[in-house]
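Enquirer:
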Amino acid sequence: MIKRFYCGIMCFAAAAITSFFCSVCVGNELAELLKEGEESNPAVLAAKWKVEQALLKHEELNEFFDPSLFAGIGRADKARNFPASNVTSLTNDSYDAQVGFQMPVNPGAYISFGGAKRLLKDPNGYDELFQTIYGFGIRVPLLRDRQFKSLTLNRALAMAEYNMNVSNLLKVTQIMRRDIELAYIAAYEKLSAYRVSQEATKRFQKLYDETIELCRMKVVSDYQIFSSKLELQIGREDEEKARVAFELSLHNLANAVGISRDLALAGDQKALLDTAQQVVELIEVSEQDACHARGAYLEIKNNIRYAQVQLDMAEEEKQDDLSLNFGVTAQGEHPDHPFEMDEILTDRRFGTEISLIWKRNIDYRGPNTRMARYRARIKELNENLRSVQLDIYIAMQDAALNFKAAKNRLALVNEGIEAAQNHLAAQQERFRLGEATSTNVTDAQKNLTTILQRQTTATADLLRARANYLYATGYYQP
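Residue numbers for the sequence shown follow my numbering, so the first one is 1 and each next one is one higher.
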């Protein structure tokens with residue numbers, strides 16, 4: 001049953017990576033990166049192995065029902081036992097060999113079978129006498145460990161630990177998804193910025209060439225060559241910085257996925273803007289739904305369950321130990337043969353016994369202290385849970401605000417691009433007619449580059465805000 005539950009959780013964790021709507025995606029590029037992250041990211045793989053360990057720990061508890069074998073051989077002479085000594089010996093004044101086994105059985109008893117061969121020294125009327133005894137016993141706990149409560153609590157503890165690790169896997173998976181999405185958006189943002197810088201450099205180069213030609217034709221003064229050449233060199237340096245930033249963003253993306261090979265983007269600089277134009281409004285998600293979809297929240301909930309089970313175990317330790325014991329034995333002796341069972345020392349071959357044994361600790365300092373510690377732990381976790389709830393609520397509000405602001409900014413920037421293009425065209429025409437300087441043209445070119453870069457930034461901010469909102473809501477799907 002737990003294996004099926006484990007498989008279901010793993011499928012759910014995989015769905016958190018692959019099936020939810022991607023914030024920005026060129027074809028299946030992002031979905032493939034997310035899937036590869038699930039298979040390669042070290043943090044995710046480590047969390048999966050922790051789940052596997054917890055699963056095996058739960059199955060390990062089945063050893064409780066494994067039979068235990070015991071055997072003993074020795075010689076006792078005038079041996080004496082006294083109550084509560086917890087020291088036992090073999091049968092007195094004899095050579096003794098014993099063997100048997102014990103095993104727990106449902107709904108809550110321990111059964112045992114055993115046999116012994118003894119060579120008695122100086123029994124009544126004999127120098128030596130062989131004795132054979134077989135027995136069957138049952139012990140039933142009536143208070144502590146009643147119906148194997150210790151096993152039940154250990155299983156509950158193992159299940160709580162398993163659920164903690166599954167929730168941790170979900171948390172790590174969600175963090176990985178967000179990191180890959182943000183790195184993916186940043187890569188396209190840097191690509192777009194690099195392409196804008198390249199186009200700006202081309203415009204500066206064209207202006208520089210035109211300035212040289214107009215100077216040759218005596219339309220403009222020679223000194224205007226210097227300013228156009230300066231802007232061209234600055235543009236080339238900006239282009240180089242943008243190229244390096246783009247290369248670094250690809251490295252960051254590979255690191256988020258958990259791979260070391262070089263990555264390349266399938267789309268061009270327009271992919272970011274095209275995706276932003278397809279983004280719809282954010283889906284409204286309640287705080288409660290978001291909390292129950294977040295792995296971080298569920299992990300603390302399962303930590304609380306773990307501490308509660310520990311508290312139950314400490315309470316169980318305070319129970320008195322009361323057990324009912326019942327046994328049946330068959331005994332026989334023979335003076336010469338060890339496997340014969342004559343009635344020599346006793347006139348009854350079969351015997352029975354029944355007893356009620358009680359034991360308790362005089363003080364419970366250990367269990368009481370543990371219970372106090374577990375109660376304090378539960379209070380601590382409840383405060384942590386409240387902190388996570390607050391973080392989720394604030395993250396949702398911040399992401400929604402940033403999304404709305406980025407959307408408004410993008411609309412404003414889009415309106416300004418056409419004006420910047422028209423202004424540049426006008427300054428270029430005036431420059432060709434000798435009515436403006438090259439500085440006027442470069443200023444217009446820089447204004448166009450600036451607003452194009454602002455468009456890229458606003459677009460990336462819009463998609464980042466949506467990715468952060470999806471993460472804050474735990475990728476909840478109504």
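Note that CB positions come from ideal geometry on N, CA and C, so glycine has one too. Just so it is clear, the structure is predicted and the values come from calculations on it, not from any experiment.
Taking T152 as the reference, which of Q288, A46, F136 and V309 has the closest Cα?
Expert: It is V309 whose Cα lies nearest to the Cα of T152.
Enquirer: State the start and end residues of the unbroken beta strand (DSSP E) segment that holds A46.
Expert: Taken as a continuous stretch (DSSP letters only), A46 belongs to no beta strand (DSSP E), being part of the alpha helix (DSSP H) at P42 to E60.
Enquirer: Which stretch, first to last residue, makes up the alpha helix (DSSP H) that contains F204?
Expert: K149 to R216 is the extent of the alpha helix (DSSP H) around F204.
Enquirer: For A460, count the other beta carbons within 10 Å of its own beta carbon; 16 or more makes it buried, fewer makes it exposed. Which is it?
Expert: So A460 ends up on the buried side.
Enquirer: Using 8 Å as the limit for Cβ to Cβ distance, is L433 near chain C?
Expert: Of the protein chains in this structure there is only one, and it is not chain C.
Enquirer: Could you give the distance in angstroms between the alpha-carbon of Q397 and the alpha-carbon of T473?
Expert: Approximately 11 Å between the Cα atoms of the pair.
Enquirer: Does the beta-carbon of V328 have 16 or more other beta-carbons within 10 angstroms, so that it is buried, or is it exposed?
Expert: The residue in question, V328, is exposed, as its Cβ has fewer than 16 Cβ neighbours within 10 Å.
Enquirer: Using C-beta distances below 6 Å, list every residue in its chain close to I73, excluding the 5 sequence neighbours before and after it, in chain order.
Expert: For I73, where only same-chain residues beyond five positions count, the Cβ hits under 6 Å are A97.
Enquirer: Check V140 in the structure and name its three-state DSSP category.
Expert: It is a strand residue.
Enquirer: By how many angstroms is the C-alpha of S197 removed from the C-alpha of R386?
Expert: In a straight line, the C-alpha of R386 is about 47 Å away from that of S197.
Enquirer: Let me know the secondary structure DSSP gives N361 once reduced to three states.
Expert: Of the three classes helix, strand and coil, the one that applies to N361 here is coil, per DSSP.
Enquirer: By the DSSP assignment, the alpha helix (DSSP H) with L248 in it spans what residues?
Expert: Unbroken alpha helix (DSSP H) run through L248: Q224 to V257.
Enquirer: Evaluate E418 with the Cβ neighbour count: other Cβ atoms within 10 Å of its Cβ, from every protein chain shown; 16 or more gives buried, anything less gives exposed.
Expert: E418 comes out exposed.
Enquirer: Where does the unbroken alpha helix (DSSP H) through M103 begin, and where does it stop?
Expert: Counting along the chain, M103 falls outside any alpha helix (DSSP H), though it belongs to the beta strand (DSSP E) covering S94 to V105.
Enquirer: According to the Cβ coordinates, are L483 and Q445 closer than 8 Å?
Expert: Any answer about residue 483 is impossible in this case: the structure gives the chain only from 1 up to 478.
Enquirer: Smallest Cα separation from I362: which of D320, R349, A264 and N384?
Expert: Per the Cα distances, D320.
Enquirer: So, helix, strand or coil for L433, using DSSP?
Expert: Of the three classes helix, strand and coil, the one that applies to L433 here is coil, per DSSP.
Enquirer: By Cβ distance, which residues of its chain are closer than 8 Å to A245, with the 5 residues on each side in sequence left out?
Expert: The residues are K190, A193 and Y194.
Enquirer: What would DSSP say about T459, mapped onto helix, strand or coil?
Expert: T459: helix per DSSP, three-state reduction.
Enquirer: If you measure from the CB of Q269, is any heavy atom of the ligand PLP nearer than 7 Å?
Expert: Questions concerning the ligand PLP fall outside what the structure shown contains, since it holds no ligand whatsoever.
Enquirer: Determine which residues share a DSSP beta bridge with A109 and list them.
Expert: Paired residues: V105.
Enquirer: Would G416 and V219 be called neighbours here (beta carbons separated by less than 8 Å)?
Expert: Not in contact: G416 and V219 (Cβ atoms no closer than 8 Å).
Enquirer: Given a threshold of 16 other Cβ atoms within 10 Å of its Cβ, counted over all protein chains shown, does R466 qualify as buried or as exposed?
Expert: Its Cβ being crowded by 16 or more others within 10 Å, R466 is buried.
Enquirer: Smallest Cα separation from Y223: which of R464, L452, L463 and T437?
Expert: It is T437.
Enquirer: Taking only three categories from DSSP, how would you classify G498?
Expert: A query on residue 498 cannot be resolved here, the shown segment of the chain reaching from 1 to 478 and no further.
Enquirer: Within the continuous beta strand (DSSP E) that includes D321, where are the two ends?
Expert: Where D321 is concerned, the enclosing beta strand (DSSP E) stretches over D321 to H334.
Enquirer: Starting from the Cα of Y162, find the closest Cα among M217, Q331, S323 and Y306 and give me that residue.
Expert: Ranking the options by Cα distance to Y162, first place goes to Y306.
Enquirer: Just list the residues that DSSP pairs T352 with in beta bridges.
Expert: Partner(s): V328.
Enquirer: Which residues share a DSSP beta bridge with K117?
Expert: Looking at the DSSP assignment, K117 forms a beta bridge with A97 and T132.
Enquirer: For V257, I'd like the list of residues in its chain whose CB is within less than 7 Å of its CB, leaving aside the five on either flank, ordered along the chain.
Expert: The answer, listed in chain order, is L33, E36, G37, S40, N41 and I180.
Enquirer: What's the call for F130, buried or exposed, on a 16-neighbour Cβ count within 10 Å?
Expert: Classification of F130: buried, given that the 10 Å Cβ count is 16 or more.
Enquirer: Quick one: using the 10 Å Cβ neighbour count with 16 as the cut-off for buried, is Q428 buried or exposed?
Expert: Result: buried.
Enquirer: Tell me which same chain residues have a C-beta within less than 7 Å of the C-beta of V441, skipping the five on either side of it?
Expert: Here the set comprises L207, Q427, Q428 and F431.
Enquirer: I'd like to check one pair, E247 with T201: are the Cβ atoms closer than 8 Å?
Expert: No; because the gap between Cβ atoms is not below 8 Å, this pair is not in contact.
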